[in-house]
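Chains as they are written, first to last, in UniProt numbering: chain H, 1 to 206; chain X, 1 to 206.
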């Protein structure tokens, strides 16, 4: 994540400046475990979410900085306010891998399932954070079975990832989606709804 | 949009630094015009999306900077590659207004419809850009009629907004959603799907 670029444009004769953050494109994966009929999500502490909550409780928090421009927030709120439910996801930083292969690697790394590329179905792609990053996010659906679970998942602790794998039973998905006390990304709610419309009818037939 | 804060944390005995972007919380609104049975979206040029596309075509583009750290991208791609379809949306920057009132103001400003607060239905709230901003986004549904159209909309040109109001007929919504040649946010696709599940059955009964 780099925070520096500023682009200059001329719009209707006026010079305009935009600062924006360069980020990689990303993949995210709606994972459904057919053995136990549950969704597989990841839950992680998100500093940015935590800081938003902190600042809402204490708007002054960013005013005390050390000489490096760094602020040291004190623990004013429990860490749980920064914990977010998300789809398994990762950035696309290896141009030699297909999006599908990148997605499979993320599923193994974060959730511990070894999924063949053929099990992936592309849902669609979107632009995320259009005001800030504008990167492209491709959303996949992957069906997994207990027998594919070869690892515990959890991300790469050496890269600072502290990911918890969470299972949401199919019958709880609707209530989970609309429970605002459980912070989540739109991808989770969209994914569950897409599943209800596109996959659930097929499961019932099986 | 401020790009400076760096937060320092100690995780498992190691000092960690995160830079992140402070942004405001936001509202977005799925608007359906019942007079003409169409969705009302906004279409705008997004520098961040454009820059992503530019960089993909020319990875060197951010290397030439002037003494202010500013780069002047040359027009290597048509501006249309940066145009994105989005839900009407706005930031929450006036703490004296309710989220609903903020949403109504955005609908008038961007799309030209004067909607009573009572016409708004909250869908849910989400965390957006959890890796970068972590701000809370609240999604509403608003039904409008042609008779509520009191203004042309288009945003605030004096603040650099160049917004085009776009109508997507209900019968085209599905194909539009999954046409990847038309860049859009996940909010658009999620909103259309939510409408199909929650509002369309009621419309048919009417």
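All C-beta atoms, glycine included, are put in the ideal place defined by N, C-alpha and C. Remember, predicted model here, so these are calculated numbers, not experimental data.
Check	Outcome
Sheet register partners of residue 138 of chain H (DSSP bridge)	H/27, H/125
For residue 56 of chain H, the three-state DSSP class (helix, strand or coil)	helix
Exposure of residue 36 of chain H, with buried meaning 16 or more beta-carbon neighbours within 10 Å	exposed
Contact under 8 Å by Cβ, residue 248 of chain H with residue 92 of chain H	Any question about residue 248 of chain H goes unanswered here, given that chain H covers just 1 to 206.
Closer than 8 Å to chain X by CB, residue 183 of chain H	yes
Chain H contact for residue 195 of chain X (CB, 8 Å cutoff)	no
Spatially closest choice to residue 117 of chain H from H/106, H/127, H/177, by CA coordinates	H/106
CB contact check: residue 98 of chain X to chain H, cutoff 8 Å	no
Buried versus exposed, by CB contacts within 10 Å (16 or more), residue 2 of chain H	Residue confidence for residue 2 of chain H is low, a pLDDT of 39 falling below 50, so the modelled location carries little weight and cannot support an answer.
Environment of residue 79 of chain H [buried if 16+ CB atoms lie within 10 Å]	exposed
Neighbour list for residue 187 of chain H in chain X, Cβ cutoff strictly below 8 Å	186
For residue 144 of chain X and residue 138 of chain H, the rounded distance between their alpha carbons	32 Å
Chain H contact for residue 180 of chain X (CB, 8 Å cutoff)	yes
Neighbour flag for residue 215 of chain H against chain X, beta carbons, 8 Å	The requested residue 215 of chain H does not occur in the structure, where chain H is confined to residues 1 to 206.
Other residues of its chain near residue 187 of chain H: CB distance less than 6 Å, five sequence neighbours each side excluded	28, 87
CA-to-CA distance, residue 165 of chain H to residue 127 of chain X, given in whole angstroms	19 Å
Selected residue, minimal CA-CA separation from residue 45 of chain X, among X/201, X/183, X/66, X/202	X/183
Interface partners of residue 124 of chain X on chain H, CB under 8 Å	177, 178, 180, 189
Straight-line gap, residue 141 of chain X to residue 96 of chain H (C-alpha atoms, nearest Å)	42 Å
Where residue 76 of chain X falls, given that 16 or more other Cβ within 10 Å makes a residue buried	exposed
Beta bridge counterpart(s) of residue 85 of chain X as assigned by DSSP	X/43, X/184
Distance, residue 82 of chain H Cα to residue 153 of chain H Cα	21 Å
Within 8 Å, strictly: CB atoms of residue 189 of chain H and residue 176 of chain X	no
Near-chain H residues of the segment 84-118 of chain X (beta-carbon distance less than 8 Å), N- to C-terminal order	84, 86
Residue 158 of chain X in three-state terms, based on DSSP	helix
Backbone secondary structure at residue 116 of chain H - three-state DSSP	coil
Neighbour flag for residue 38 of chain X against chain H, beta carbons, 8 Å	no
CB contact check: residue 121 of chain X to chain H, cutoff 8 Å	no
Residue span of the alpha helix (DSSP H) that contains residue 100 of chain H, given as start and end	99-106
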